[in-house]
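Adding 1367 to a residue's 1-based position in the sequence shown gives its number in this note's numbering.
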Amino acid sequence: MTTEPQESKKVIPIQPVVAEDSEEMVSLYAAAKKIYPRSVEGIFAYWRWITVFITQIVFYGLPWLEWGTRQAVLFDLEARRFYIFGLVLYPQDFIYLTGLLVISALSLFLFTAVAGRLWCGYACPQTVYSEIFLWIERKIEGDRSARIRLDEADFSMKKLAKKTYKHAAWIALSLWTGFTFVGYFTPIQELVATATSWNFGPWQLFWVFFYAFATYGNAGFMREQVCKYMCPYARFQSAMFDHDTLIVTYDEKRGEPRGARSKKTDLVAANLGSCVDCSLCVQVCPTGIDIRNGLQYECIGCGACADVCDTVMDKLGYAKGLVRYTTQNAMLNKWTTKQTLQRVARPRVLIYTSILMALIIAVGVSLAMRIPFKVDVVRDRATLARITENGGIENIYRLQVMNASEKDKTFQLSVNGMQSIEIATETEVKVASAQAHWVVLRVTIPYGSADAGSHKIVFDIKDTSGTDVIHEKSVFIVPR
Ligand code: SF4
Ligand code: SF4
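Listed below in structure tokens is the structure:
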């Protein structure tokens, strides 16, 4: 019997896996690419500049406005008093500030539901200051291509001079902005005197420079990155959009297939849509996106792409509006402007509007009917009660009367709630306009007229020049 020789098995050595030298580390961080927005003219750019002018005239001008002998708008945190033209508000009036914040939030919801990111594109300080800083940049360094060339160029005296001018102008504007901001909290005339003698308090100095630094950094360098990465509004805006919200949209059906062509090209024969793929809409975009890719959260709804595209359409003799403000429903159903606008008055918008109106009326009426003085009563904590020389029982209170009007006033004080209770000290208080005054009140009752314990009492504070009375509750302690 022969045995077939066994086929010798090949042994394949197992090679250890060795990392190749050429292996690269993949970084998850991508440096932000600088955006050079091109200047644009058109109806939306025009409206943006109008809002820039209005908001900045108000911001820089308001602290210089006088109201009688004082600054018209001043938030005097040290004295805990806020002056808004004829209104003098105390921290106790915080409810009005809450009302104002709720009104602002609801207005934002309403405008967003109707017209998308109207606030972002036209009135947000980040947009407004970026627009102003960009204007300065253009004036000194030129438009988009000139700025790109300048940044790519090697160092030269010309480049240094341009950059120095630009930053000097930005810093001057930022410092002025910081100074104006502090002027809302410290009388601005005093601030000027302080500045000329360089006698700033530590907090004034800190806030002028902090606000200036924030303006310089956000509007000069961060720009669209604030909108993309820092602003929470961009994140939840889509929750407020519906298919009838006006948004900046590219009409894909009309625009595609995109491509270059001459004015005489037969679009049907060349199978071309209206978009000439000039990329101008991308070049003017302050956030550097391409609106032709659809609605993106980076889009601040500024309409710059719509403006520039209209100029392109004009030049080619095509109808405007390839990129336009429209709604998803209007685009889908090919609605006319009239049909689109009819959808503005939809239930959601009507609900927002009615709540907003009700709130504005409520805050307005409550402000108009507000009693122009406030009172705080605090029991003296050192002495609960004591027996007086003539045999009565005495409690001591500290009473703060705040005159929230523009006139000096006299107030009449009285107390009730217990048998024969009376104020043993001065019952008239004079308080100068917009000032607060503390008085110490000794309140007495005859000995034995009440049981031991705590009794509710009420102070009545009456404005002698009118009929306004404030009733402030407190307690009177009768010792055992
Ligand atoms: S500007 Fe208008 S035509 Fe030019 S690429 Fe943009 S959408 Fe197309
Ligand atoms: S896509 Fe158009 S509307 Fe949106 S941010 Fe850019 S330029 Fe403004």
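Where is the CB? At the ideal position from N, CA and C, for every residue including glycine.
Taking Phe1603 as the reference, give the member of Lys1701, Ser1564, Ile1667 and Asp1633 with the closest Cα. Counted from its first residue, the sequence shown places residue 1603 at position 236. The shortest Cα separation from Phe1603 among Lys1701, Ser1564, Ile1667 and Asp1633 belongs to Ile1667.
Would DSSP call Gly1833 helix, strand or coil? Within the sequence shown, numbered from 1, the residue matching residue 1833 stands at position 466. Coil at Gly1833, not helix or strand.
As a quick exercise: from Gln1459, Trp1414, Glu1445 and Ala1725, pick the residue whose alpha carbon is nearest that of Lys1741. Numbered from 1 along the sequence shown, position 374 holds the residue referred to as residue 1741. Among Gln1459, Trp1414, Glu1445 and Ala1725, the Cα nearest to that of Lys1741 belongs to Gln1459.
Using DSSP bridges, identify the partner residues of Tyr1617. Along the sequence shown, one-based indexing puts residue 1617 at 250. Looking at the DSSP assignment, Tyr1617 forms a beta bridge with Val1690.
May I ask you to report which of helix, strand or coil DSSP gives Tyr1457? Start at 1 with the first residue of the sequence shown, and residue 1457 comes out as number 90. Three-state result, Tyr1457: coil.
Within the continuous beta strand (DSSP E) that includes Gly1759, where are the two ends? Translated into the one-based positions of the sequence shown, residue 1759 becomes position 392. Here the beta strand (DSSP E) through Gly1759 covers Gly1759 to Asn1770.
Compute the minimum distance between the beta carbon of Leu1647 and the heavy atoms of ligand 1, and state whether it is under 7 Å. Stepping through the sequence shown from its first residue, residue 1647 is reached at position 280. Yes, Cβ of Leu1647 sits closer than 7 Å to a heavy atom of ligand 1.
Separation of Ser1394 from Gln1373, as counted between CA atoms: To locate residue 1373, count along the sequence shown from 1; it is residue 6. To locate residue 1394, count along the sequence shown from 1; it is residue 27. Interpretation of Gln1373 is limited by its pLDDT of 42, a score under 50 that renders its predicted location unreliable; no figure is taken from the coordinates.
Flag this pair as yes or no: are the beta carbons of Leu1766 and Phe1826 separated by less than 8 Å? As a position in the sequence shown, residue 1766 is number 399, starting the count at 1. As a position in the sequence shown, residue 1826 is number 459, starting the count at 1. Closer than 8 Å, so yes.
When DSSP labels each residue in this structure, what does Gly1428 get in the three-state scheme? One-based indexing of the sequence shown puts residue 1428 at position 61. Here Gly1428 sits in helix by DSSP.
Does the structure place the region 1623-1637 close enough to the region 1712-1730 that three or more beta carbon pairs sit under 8 Å? no
Hey, Tyr1583 and Ile1538 are a contact pair by Cβ (cut 8 Å); roughly how many whole angstroms apart? Translated into positions along the sequence shown, residue 1583 becomes position 216. Translated into positions along the sequence shown, residue 1538 becomes position 171. Going by Cβ atoms, the distance from Tyr1583 to Ile1538 rounds to 6 Å, so yes, they are a contact pair.
Considering Ala1803, what are the terminal residues of the beta strand (DSSP E) in which it resides? Residue 1803 sits at position 436 when you count from the first residue of the sequence shown. First-last of the beta strand (DSSP E) with Ala1803: Ala1803 to Pro1813.
Among residues of its own chain, excluding the 5 on either side of Leu1639, which ones have a beta-carbon nearer than 8 Å to its beta-carbon? Translated into the one-based positions of the sequence shown, residue 1639 becomes position 272. For Leu1639, where only same-chain residues beyond five positions count, the Cβ hits under 8 Å are Pro1624, Arg1625, Gly1626, Arg1628 and Thr1632.
Closer than 6 Å by C-beta to Gln1802: which residues in its own chain qualify, once you throw out the five before and the five after it? Chain order, please. Here the question's residue 1802 lines up with position 435 in the sequence shown. Once the five neighbours on either side are set aside, the close Cβ partners of Gln1802 are Asn1770.
Sort Gly1435, Val1440 and Glu1504 by Cα distance to Gly1428 and report the nearest one. Residue 1428 sits at position 61 when you count from the first residue of the sequence shown. Closest option to Gly1428, Cα to Cα, is Val1440.
Residue closest to Ile1402, alpha-carbon to alpha-carbon, out of Val1806, Leu1540, Asp1830 and Arg1511: Taking the sequence shown and counting its residues from 1, one reaches residue 1402 at position 35. Of the candidates Val1806, Leu1540, Asp1830 and Arg1511, the one whose C-alpha sits nearest the C-alpha of Ile1402 is Arg1511.
Within 7 Å: the Cβ of Ile1656 and any heavy atom of ligand 2? For the purposes of this step, residue 1656 is taken as residue 289 along the sequence shown, with counting starting at 1. Result yes, Cβ under 7 Å from ligand 2.
Inter-residue spacing [alpha-carbon to alpha-carbon] between Arg1484 and Glu1839: Locating residue 1484 in the sequence shown gives position 117, where the first residue counts as 1. Locating residue 1839 in the sequence shown gives position 472, where the first residue counts as 1. Rounded to whole angstroms, Arg1484 to Glu1839 spans 47 Å at the Cα level.
Using CA atoms only, rank isn't needed, just tell me which of Lys1506, Phe1548 and Ala1528 is closest to Gln1423. Within the sequence shown, numbered from 1, the residue matching residue 1423 stands at position 56. Answer by Cα proximity: Phe1548.
Within 8 Å, strictly: CB atoms of Glu1498 and Lys1533: Residue numbering aside, residue 1498 sits at position 131 when the sequence shown is read from its first letter. Residue numbering aside, residue 1533 sits at position 166 when the sequence shown is read from its first letter. Not a contact, by the Cβ cut-off of 8 Å.
Can you determine whether any heavy atom of ligand 1 sits closer than 7 Å to the C-beta of Leu1639, and answer yes or no? Position 272 of the sequence shown holds residue 1639. For ligand 1, not one heavy atom lies less than 7 Å from the Cβ of Leu1639.
Quick one, which of Ser1800, Val1455, Glu1557 and Arg1691 has its alpha-carbon nearest Cys1669's? Counted from its first residue, the sequence shown places residue 1669 at position 302. Selected option, being the one with the closest Cα: Arg1691.
Flag Val1615 as yes when its Cβ comes closer than 7 Å to any non-hydrogen atom of ligand 2, and as no otherwise. Taking the first residue of the sequence shown as 1, we reach residue 1615 at position 248. Yes, Cβ of Val1615 sits closer than 7 Å to a heavy atom of ligand 2.
Spatial neighbours of Lys1377 within its chain, please: CB distance less than 8 Å, with the 5 preceding and 5 following residues excluded, ordered by chain position. Here the question's residue 1377 lines up with position 10 in the sequence shown. At Lys1377, the pLDDT of 45 sits below 50, so the modelled position is not reliable and the matter cannot be decided from this model.
Is it the case that the CB of Asp1644 approaches a heavy atom of ligand 4 more closely than 7 Å? Absent from the structure shown: ligand 4. Ligands present: ligand 1 and ligand 2.
Considering only the beta carbon of each residue, do Ala1819 and Arg1847 sit closer than 8 Å? Here the question's residue 1819 lines up with position 452 in the sequence shown. Here the question's residue 1847 lines up with position 480 in the sequence shown. Yes, they are a contact pair.
Which value, in whole angstroms, describes the spacing of the CA atoms of Ala1562 and Leu1542? Translated into positions along the sequence shown, residue 1562 becomes position 195. Translated into positions along the sequence shown, residue 1542 becomes position 175. When rounded, the distance between both Cα atoms is 12 Å.
Per DSSP, which one or two residues make a beta bridge with Lys1776? As a working mapping, residue 1776 is identified with position 409 in the sequence shown. DSSP, once it has assigned bridges, lists Val1798 as partnering Lys1776.
List the whole-angstrom C-beta distance separating Phe1442 from Phe1552, where the pair is believed to meet the contact cut-off of C-beta under 8 Å. Position 75 of the sequence shown, counting from 1, holds the residue named residue 1442. Position 185 of the sequence shown, counting from 1, holds the residue named residue 1552. Their Cβ separation, rounded to whole angstroms, is 5 Å, which keeps Phe1442 and Phe1552 in contact under 8 Å.
Proximity test, Leu1689 beta-carbon vs ligand 1 heavy atom, cut-off 7 Å: In the sequence shown, the residue the question calls residue 1689 occupies position 322. Answer for Leu1689: yes, Cβ within range of ligand 1.
Hey, would you say the C-beta of Ala1399 is under 7 Å away from at least one heavy atom of ligand 2? Counting from one through the sequence shown, the residue named residue 1399 turns up at place 32. No.
Every unbroken alpha helix (DSSP H) inside the region 1544-1631 [4 residues or more]: 1555-1563, 1569-1584, 1600-1607 and 1619-1622
Segments of 3+ residues assigned as beta strand (DSSP E) that fall wholly inside the region 1705-1730: none
Leu1540 - DSSP class collapsed to helix/strand/coil: Within the sequence shown, the letter at position 173 stands for residue 1540. In the structure shown, Leu1540 sits in a helix (DSSP, three-state: H, G or I).
I'd like the span of the beta strand (DSSP E) that includes Arg1847, first residue to last. Translated into positions along the sequence shown, residue 1847 becomes position 480. Careful: Arg1847 lies outside any beta strand (DSSP E) and carries neither H nor E.
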